[in-house]
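Its first residue numbered 0, the sequence shown is counted upward by one per residue in numbering that gives the first Met the number 0.
Note that CB positions come from ideal geometry on N, CA and C, so glycine has one too.
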Amino acid sequence: MLGGGVARGIAHIGVLKVFEKHKVPIDYIAAVSSGAMVGAAYAAGLELRLIEEIALRIKWGKIVKITFFRPGFVSTAAIEELVIKYIGDIKFSELKIPTAVVAADIKSGDPIVIASGRVARAVAASSAVPGIFAPEEIQHHFLVDGGLGDNLPVDVVKKMGANFTIAVDVVPAKPIHTLPRDPFQMYGRAFDIVMHKLSVEQRKKADILIDPYIEEDIWHLDLHKAKRLIAAGENSANRVINRIKRKLGI
């Protein structure tokens, strides 16, 4: 499972690099928000080196498209276009690894699992941070960031058929060192606290929990720290890789 965390989702790339190096098989992917961006690209067959290159040069200008008269300042269209640019406008049935993307219904608050239809649209819906991005309407649901419903979908991937689960939670459990400097950082910190509390039980259910650690505070908009985030993902995965290999007999 690849959890959400806005910029911190880049750490998933480092985890996947370690898995690929040690030939850890990935049979299913359940992902949320920025984790869904990485997971969808990987499941589509995009090489990790290319995913890493994209992460190292991506800017918010490529993700943001201003909208008016909707419940959000930013449309999800730019996210959808970004996904299509790199993996095409494909359907879930065309992915090389079975994948499910989790979003949250802003009306009911329920997590909504998407495993069919257009991948780019599902990823955009799962990444729509409420109040900033406008909701995405799919199958009569008005969907926003999946972190509000289920940021670490262990149960989802088990229902897909997984009997050994590895969860990557990029939302920091540690206290921050400095107070937020602006409204965006304050909002992001509040969102992190909610997501972490909602993920407590799911963290316990995973067979292996990977919790990338960076000493410095990483805020939601810190895309420029991609190199450090990827390294943190690699370091955290390397700490548990021998345990994973023993469990899987590889």
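query                                                                                                              : result
Length of the line joining the Cα atoms of residue 46 and residue 11                                               : 14 Å
Within 9 Å, strictly: CB atoms of residue 111 and residue 137                                                      : yes
Spatially closest choice to residue 121 from 183, 108, 145 and 249, by CA coordinates                              : 145
Residue 132 (DSSP reduced to helix, strand or coil)                                                                : strand
Reduced DSSP category for residue 112 - H, G, I as helix; E, B as strand; rest coil                                : strand
Burial state of residue 19 (16 or more Cβ within 10 Å)                                                             : exposed
Cβ shell of residue 170 (< 6 Å), same chain only, five flanking positions each side left out                       : 4, 191, 194 and 195
Per-residue DSSP class, three states only, for residue 141                                                         : strand
Closest Cα partner of residue 25 within the set 210, 178 and 156                                                   : 156
Residue 65 classed as buried or exposed, judged by whether at least 16 other C-beta atoms fall within 10 angstroms : Note that residue 65 scores 46 on pLDDT, short of 50, meaning its location in the model is unreliable; the coordinates nonetheless yield the value given after this. With fewer than 16 other Cβ atoms within 10 Å, it is exposed.
6 Å CB neighbourhood of residue 249 in its chain, flanking five on each side removed                               : none
Through-space distance from residue 49 to residue 250, alpha-carbon basis                                          : Residue numbering for the chain in the displayed model covers 0 to 249; residue 250 lies beyond these limits and cannot be assessed.
Residue 23, DSSP secondary structure in three states                                                               : coil
Same chain, Cβ closer than 7 Å to residue 232, neighbours up to 5 away in sequence not counted                     : 10, 11, 12, 13, 14 and 211
DSSP state of residue 208 mapped onto helix, strand, coil                                                          : strand
Closest by C-alpha distance to residue 139, when choosing among 126, 113, 154 and 53                               : 113
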